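full-length UniProt numbering applies: residue 1 is where the sequence shown begins, and numbers increase by one.
Let me begin by presenting the structure, written as structure tokens, before commenting on it.
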Amino acid sequence: MNILRILAQIAILFAFSFIGGLLHTYLHIPLPGSIIGLILLFLALCANVFSVKWINQGAGFLLAFLPFLFIPTLIGVINYPELLSNKGFLLLIVVVISTIITIGAAGRASQYSENKSKRRQEEK
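Written as structure tokens, this is what we have:
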């Protein structure tokens, strides 16, 4: 039963991605279809169209396998070392700095969210 629930939740996530792809294709929106799908999913969650419970396990399942999606990219970089030969060091600096900024922003957002939920619980 749990496997069917996860498959249904992945199907919901795929549906949002697919709809985003259709909107990108037919409306010529200058964003990738997957990003449009994520925006639609975010709006649906904010509007309480459905609960996070409907996608929680499926999203967790997909996140568990996320590192495997980066393997083809790394192999592509290994196969074409000339991409990094000219500006590789600058690219490394940009990646490190952007990673530090992203980790800091995610930490701040997490702290803000946790503090906000604590304040809500204290008010009750």
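From the three backbone atoms N, C-alpha and C, an ideal C-beta is built for every residue, glycine too.
Since we're looking at a predicted model, the values are computed, not measured.
Measuring only the C-alpha atoms, how far is residue i from residue j?
| i | j | result |
| --- | --- | --- |
| His28 | Leu41 | 19 Å |
| residue 129 | Gln111 | This structure does not reach residue 129, given that the chain is present from 1 up to 124, and the question cannot be answered. |
| Arg5 | Ile97 | 39 Å |
| Tyr80 | Leu91 | 15 Å |
| Ala44 | Leu74 | 34 Å |
| Phe61 | Phe14 | 13 Å |
| Ile101 | Leu63 | 21 Å |
| Ile35 | Tyr26 | 15 Å |
Determine the contact status of residue i and residue j, defining contact as a CB-CB distance below 8 Å.
| i | j | result |
| --- | --- | --- |
| Gly37 | Phe16 | yes |
| Gly58 | Ile19 | no |
| Val94 | Leu84 | no |
Return the first residue and the last residue of the alpha helix (DSSP H) that residue i is part of.
| i | result |
| --- | --- |
| His24 | 2–27 |
| Tyr112 | 88–123 |
| Val77 | 71–79 |
| Ala59 | 56–64 |
| Ser34 | 33–46 |
| Ser85 | 82–85 |
Contact the stretch 35–52 vs the stretch 62–74: 3+ CB pairs below 8 Å: no
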